[in-house]
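Student:
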Amino acid sequence: MLNKGITMADLPVHTIVFEILTRVPAKDVGRSKSVCKQWYALLSTQDFVRMHCSRSLVSSNQRVLLIDDLTCSVHPIIFQSNDYGPSSIVTFPFHHHNNDVSILSHLNGLLCVCLNHTYELLLWNPTTTAFKHLSTPDSHGFYINNPDAIGLYVDADDDYKVLHITRRSGVLGVYVYSREVDSWRNIPFITRQEYLSPHFNWSAGTFCGGTLYFTVCECWVGGTNVVICFDVNSEHFKEISFPPVPSTGMVQGVLVNVKNELHMFASTGMFEMTIDLWTLQGDYWIKVLSCPPIPPISLSLWCDITHYVTNGNWFVMTKLGKLFTIEMDVKPFECFYPVTWFRGFKGAVFVETIVSPSI
């Protein structure tokens, strides 16, 4: 932003270029790099990437990526009709078998994905097509569905990192990958032994306010449900309680970052589901709203549900289309905020940025 009394004519050319191009779409930045060597150097700096990313985190830059057995497609979101726009086909830039790619986490335009046939982890920017293999010869960076959990985050030094929690034969392992140093390391984490059981489902991590949050839910009626918090700068863990929801049916909590405040869609029930929206204040949950009981949903759809909140309405959608709409009597949010039910392996909502998976 220019100070009062300063015009564009008073600024150096590179400052003007910087201010303009940090506001253009990510794909246009890529094309602009070919203009000249000076532009390529400027647009490749971390300062430029950081500023462009912060200015790209708006609703108009959000896209829905969907993977099926035959194609991978990217759709814009049409806010007027709350639906997907015309798709464009995406070709995976890495080797895969029949689209066996699972999306585990996403942040600032980067997706952390797993190649199911090899269990390898990758960071991938679907906008720039750049990717980085995270698996190493010493067995780091290999993901197994259900026992493992993944969280993608940025620390105070602007280093993108992946937290990988493993549960193998009752033994807990916690590993951090750093984009800056391109390596994995182990960090300590002591938790209750029962959480290592396969009866507990660990969610993917949700990054909010310098902390990664995981729901840990026991897979039967009346089971234990907690939230595990990981401070990304101190690298310390702690446990907080779940919202006080009825335990008369299956309980599932889905976390979402709304304007840097943590929210949870907490569902309870069996044949009819009740979903409440909660927000975290300190270490305690405050209920924001409740929705009417939802008619029975087939399990095949239930596991793929994604929630979107925009313009005062709350949409629960699957990759097949909109399932139902709830009007909310609360202050409208400004854009779509996605959450995937269980683990939305075959879809994600991401923002188009030029953030690179490697340095």
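Everything in the sequence shown is counted per my numbering, starting at 1315 for the first residue and increasing by one.
Glycine residues also receive a C-beta, built at the ideal position from the N, C-alpha and C atoms.
In this structure, does DSSP put residue 1367 in helix, strand or coil?
Tutor: helix
Student: Cβ of residue 1591 within 7 angstroms of Cβ of residue 1579?
Tutor: Judged by beta-carbon spacing, residue 1579 lies within the 7 angstroms limit of residue 1591, meaning their Cβ atoms are closer than that value.
Student: Mind checking residue 1470: buried by the 16 CB within 10 Å criterion, or exposed?
Tutor: So residue 1470 ends up on the exposed side.
Student: Cα separation between residue 1362 and residue 1541?
Tutor: 36 angstroms
Student: Looking at the strands, I want to know which residues DSSP matches up with residue 1377.
Tutor: 1390 and 1664
Student: Count the other C-beta atoms from every protein chain shown that fall within 10 angstroms of the C-beta of residue 1581, then say buried if there are 16 or more, exposed otherwise.
Tutor: Under a 10 Å Cβ-count criterion, residue 1581 is classified as buried, with 16 or more other Cβ atoms of the shown protein chains found around its own Cβ.
Student: Determine the direct distance from the alpha carbon of residue 1448 to that of residue 1496, and round the result to whole angstroms.
Tutor: 8 angstroms
Student: Run through DSSP, which three-state label would residue 1345 get?
Tutor: helix
Student: Does the Cβ of residue 1415 lie closer than 6 angstroms to at least one heavy atom of the ligand COA?
Tutor: No copy of the ligand COA occurs in the structure displayed, which carries no ligand at all.
Student: Does the beta-carbon of residue 1367 have 16 or more other beta-carbons within 10 angstroms, so that it is buried, or is it exposed?
Tutor: buried
Student: Would you mind giving the Cβ-Cβ distance between residue 1666 and residue 1344, rounded to the nearest angstrom? I have them listed as a contact below 8 angstroms.
Tutor: Not a contact, Cβ separation roughly 11 angstroms.
Student: Between residue 1280 and the rest of its own chain, which residues show a CB-CB distance below 7 angstroms, the 5 nearest in sequence each way excluded?
Tutor: Residue numbering for the chain in the displayed model covers 1315 to 1673; residue 1280 lies beyond these limits and cannot be assessed.
Student: Which residue wins for smallest C-alpha separation from residue 1560, given the options 1604, 1526, 1551 and 1513?
Tutor: 1604
Student: Could you tell me the alpha carbon to alpha carbon distance between residue 1546 and residue 1602, rounded to whole angstroms?
Tutor: 27 angstroms
Student: I need the DSSP call for residue 1589, collapsed to helix, strand or coil.
Tutor: strand
Student: DSSP state of residue 1573, grouped into three classes?
Tutor: In this structure, DSSP gives residue 1573 a state outside helix and strand, which the three-state scheme calls coil.
Student: Name the one or two DSSP bridge partners that residue 1361 has.
Tutor: Residue 1361 pairs with nothing; no bridge assigned.
Student: Would you say residue 1336 and residue 1369 are within 7 angstroms of each other, going by their C-beta atoms?
Tutor: Going by C-beta atoms, residue 1336 is nearer than 7 angstroms to residue 1369.
Student: Which runs of the beta strand (DSSP E) spanning at least 3 residues fall entirely within the segment 1448-1520, listed in chain order?
Tutor: 1463-1468, 1474-1482, 1485-1492, 1497-1500 and 1514-1516
Student: Looking at the secondary structure, which residues open and close the beta strand (DSSP E) in which residue 1401 lies?
Tutor: Where residue 1401 is concerned, there is no enclosing beta strand (DSSP E), given that its DSSP letter is neither H nor E.
Student: Exposed or buried, which one is residue 1532 when buried takes at least 16 other CB atoms within 10 Å?
Tutor: Buried is the call here.
Student: Are residue 1383 and residue 1413 closer than 7 angstroms when you measure CB to CB?
Tutor: yes
Student: Residues in the same chain with beta-carbon distance under 7 angstroms from residue 1492, minus the five sequence neighbours each way, listed in chain order, please.
Tutor: 1473 and 1475
Student: For chain C, is any of its Cβ atoms less than 7 angstroms away from the one on residue 1664?
Tutor: In the structure shown, chain C cannot be found, because there is only a single protein chain.
Student: What separation, rounded to the nearest whole angstrom, lies between the Cα atoms of residue 1596 and residue 1349?
Tutor: 49 angstroms
Student: Between which residues of its own chain and residue 1458 is the CB-CB distance below 7 angstroms, once the five residues before and five after are set aside?
Tutor: So the list reads 1433, once near-sequence residues are dropped.
Student: Let me know the secondary structure DSSP gives residue 1678 once reduced to three states.
Tutor: With the chain covering only 1315 through 1673, there is no way to say anything about residue 1678.
Student: Given a cut-off of 7 angstroms, decide if residue 1437 and residue 1428 are closer than it, judged by their beta-carbon atoms.
Tutor: A distance of 7 angstroms or more separates the beta carbons of residue 1428 and residue 1437.
Student: Do residue 1504 and residue 1490 have their beta-carbon atoms positioned less than 7 angstroms apart in this structure?
Tutor: no
Student: Just tell me which of 1388, 1371 and 1392 has its CA closest to the CA of residue 1405.
Tutor: Measuring from the Cα of residue 1405, the nearest candidate turns out to be 1388.
Student: Please name the residue or residues paired with residue 1601 in a DSSP beta bridge.
Tutor: 1592
Student: Which residues bound the beta strand (DSSP E) around residue 1421?
Tutor: 1415-1421
Student: Between the C-alpha atoms of residue 1543 and residue 1599, what's the straight-line distance to the nearest angstrom?
Tutor: 14 angstroms
Student: Is it buried or exposed for residue 1375, if we count other Cβ within 10 angstroms and need 16 for buried?
Tutor: buried
Student: With a cut-off of 8 angstroms on the beta carbons, I'd call residue 1421 and residue 1466 a contact; round off their distance for me.
Tutor: Yes, they are in contact, since the Cβ atoms of residue 1421 and residue 1466 sit about 4 angstroms apart, within 8 angstroms.
Student: Just how far apart, CA to CA, sit residue 1483 and residue 1339?
Tutor: 46 angstroms
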